[in-house]
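Read in order, the letters of the sequence shown are residues 7 to 126 in the working numbering. Where a beta carbon is used, it is the ideal one built from N, C-alpha and C, also for glycine. For reference, the structure is listed below as structure tokens.
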Amino acid sequence: MTTSAKPGGPGGASSQQGYVKVCALDEIPADGALGVEVDDTPVAVVRSGDDVYALNDICSHAEVSLAEGEVYDGTIECWLHGSCFDLRSGKPTNPPATQPVATYKVKVEGGDVYLSLGDD
């Protein structure tokens with residue numbers, strides 16, 4: 007499932023100092039991921055233990071959704087060929103992927119997850 011969020015757009019998305027509300031924390035499975043779209047950018051919002059991360063949802067090797075993969079040991083695994091990406095850096099930790107995926111800033115407030123695609 008992919009959720010769409012745009013500042014002030016449909017779906018009730020709200021903006022907070024460059025951050026956009028993308029989902030409620032409880033919508034993300036424990037040690038799992040949820041695919042969302044922010045300003046036409048596919049994003050995997052990931053829970054690993056008590057931490058939440060966001061990275062580009064498209065595998066840099068196979069161009070499939072990372073949100074459909076397994077989350078373990080601080081990585082998310084692409085379901086197609088098994089490449090794993092570090093949740094903090096987006097760098098691949100094993101082949102066949104060799105290029106990183108973008109990571110995004112995340113904050114959780116009041117049970118809601120916000121993310122920023124920007125550099126600030």
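- Sequence-distant partners of D118 (beyond 5 residues in either direction) whose C-beta falls short of 8 Å from its own C-beta, in its chain, are K27, C29, A30, L31.
- Restricting attention to Q22, T81, H67, the CA atom closest to the CA of G38 is found in T81.
- In the structure shown, E69 falls within a coil segment according to DSSP collapsed to helix, strand and coil.
- E115 counts as exposed, since fewer than 16 other C-beta atoms from the protein chains shown sit within 10 angstroms of its C-beta.
- If the five residues before and after L86 are omitted, its C-beta is found closer than 6 Å to the C-beta atoms of A68, V70, all from its own chain and listed in chain order.
- Counting only residues of its own chain and dropping the five nearest sequence neighbours on each side, P35 has a CB closer than 8 Å to the CB of R53.
- In the same chain as K111, and ignoring 5 residues on each side of it, the C-beta atoms closer than 6 Å to its own belong to S122, in chain order.
- For S54, the uninterrupted beta strand (DSSP E) segment begins and ends at 47 to 54.
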